[in-house]
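Trainee: Quick one: the structure is below, questions incoming.
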Amino acid sequence: MKMMIDGVFYNPEEIDFEGVLQKLVELLGEDLKVLSLEFPEFAAIYEPDCYYRSGFCLDKEVDEELSDEELAKIREGIIAVFPEGTIVYSLKCEIL
Numbered sequence: 005m006k007m008m009i010d011g012v013f014y015n016p017e018e019i020d021f022e023g024v025l026q027k028l029v030e031l032l033g034e035d036l037k038v039l040s041l042e043f044p045e046f047a048a049i050y051e052p053d054c055y056y057r058s059g060f061c062l063d064k065e066v067d068e069e070l071s072d073e074e075l076a077k078i079r080e081g082i083i084a085v086f087p088e089g090t091i092v093y094s095l096k097c098e099i100l
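Position 78 of the sequence shown, counting from 1, maps to 82 under my numbering, and the rest follow consecutively.
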């Protein structure tokens, strides 16, 4: 059984995405499998603002199914590693 984590985030300025990824490893463990990474790139203009988009899709093997509360806590932890002002466009954390 595995946990799939898929997220897309927007920031008003370019972020230290490698630092974010390192914090995710600290939060979730070194046994993460990276399926895809989207390093920050200029992606949206809403006059007078512009935004950088970043994202990832990760898998992690788990021994037992996690409760909705546990998955929600993981989502909160993931959001917390991003800088203040980050817009969470999507963030899925589910057991497959």
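C-beta atoms are modelled at their ideal positions from N, C-alpha and C, and glycine is treated no differently.
Leu32 to Lys6, Cα distance in whole Å?
Mentor: 13 Å
Trainee: If you count every other CB in all the chains shown that lies within 10 Å of the CB of Phe46, and 16 or more means buried, which is it?
Mentor: exposed
Trainee: Taking only the alpha-carbon atoms, compute the straight-line gap between Tyr55 and Ile19 and give it to the nearest angstrom.
Mentor: 11 Å
Trainee: Rounded to a whole number of angstroms, what is the C-alpha to C-alpha distance between Lys64 and Gly23?
Mentor: 19 Å
Trainee: Excluding the 5 residues flanking Asp72 on each side, which residues of the same chain have their C-beta closer than 8 Å to its C-beta?
Mentor: none
Trainee: Which residues in the same chain have their Cβ closer than 7 Å to the Cβ of Tyr93, if we skip the five residues on either side of it in sequence?
Mentor: Val12, Phe13, Tyr14
Trainee: Glu65 lies in the beta strand (DSSP E); which residues open and close that run?
Mentor: Its beta strand (DSSP E) spans residues 53-65.
Trainee: Quick one: what's got a C-beta closer than 6 Å to Cys97's C-beta in the same chain, skipping five residues either side?
Mentor: Ile9, Leu75, Ile78, Arg79
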